[in-house]
């Protein structure tokens, strides 16, 4: 499989991208002309009923979404599991790091305040529950923590490299 992908992978990806782009452009151009519009028409200026009738962008959008989901599933699930099985020593390091990240996230989730001062009305209006609010807060703080660690690691590695 590896030899096949290294030999034909880039060509296949390029041809698939060209095919999806061609399908999208053909459906958009034929949809515009069959609906009585031209390429210079401002579709944002149309009323809501006319906007709802426009569906010629959908094939390109759905093809892109499907290809993105396939790529994500292949990259992270299939090849990720394959590498975990094939290289168990690096898998242990990865799993330890992942567990540490989960522990940090759930510690931040448990300590998060579900009420955000000044946004109570918006939260009620958008049906954001306390659990969702805590999940968002934990995600934001985990991201900030990871960004801080990455920034400090970059600075410390540059300082270390300067003295080598």
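Residue numbers (the working numbering): 6 to 169. Think of the CB as a built atom: it goes at the ideal place given N, C-alpha and C, for glycine as much as any other residue. These numbers come from a predicted model, not from an experiment.
ask   = If we count the other Cβ atoms within 10 Å of its Cβ and call it buried at 16 or more, is residue 73 buried or exposed?
value = Here residue 73 refers to the residue found at position 68 of the chain shown. Classification of residue 73: exposed, given that the 10 Å Cβ count is below 16.
ask   = In this structure, does DSSP put residue 47 in helix, strand or coil?
value = If you number the chain shown from 1, residue 47 lands on position 42. Here residue 47 sits in coil by DSSP.
query = With respect to the alpha helix (DSSP H) encompassing residue 155, which residues constitute its N-terminal and C-terminal limits?
reply = As a working note, residue 155 is residue 150 in the chain shown. Its alpha helix (DSSP H) spans residues 135–167.
key: Among 119, 146, 8, nearest to residue 113 - alpha-carbon criterion   = Taking the first residue of the chain shown as 1, we reach residue 113 at position 108. The shortest C-alpha separation from residue 113 is found at 146.
message = Are the CB atoms of residue 119 and residue 132 within a distance shorter than 7 Å?
response = To locate residue 132, count along the chain shown from 1; it is residue 127. To locate residue 119, count along the chain shown from 1; it is residue 114. Cβ atoms of residue 132 and residue 119: not closer than 7 Å.
request  = Within its chain, find whatever has a CB closer than 6 Å to the CB of residue 16; leave out the 5 residues flanking it on each side and keep chain order.
outcome  = Here residue 16 is taken as the residue at index 11 of the chain shown, counted from 1. If we look at residue 16 and ignore the five residues flanking it on each side, it has no Cβ neighbours.
ask   = Alpha carbon to alpha carbon, what distance is there between residue 138 and residue 150?
value = Translated into the one-based positions of the chain shown, residue 150 becomes position 145. Translated into the one-based positions of the chain shown, residue 138 becomes position 133. If I take the Cα positions, the gap works out to 18 Å.
key: Secondary structure, alpha helix (DSSP H): runs of 4+ residues fully inside the segment 56–99   = 63–77, 84–91
request  = Consult DSSP for residue 120 and reduce its assignment to one of helix, strand or coil.
outcome  = Within the chain shown, residue 120 is the residue found at index 115, counting from 1. Correct three-state label for residue 120: coil.
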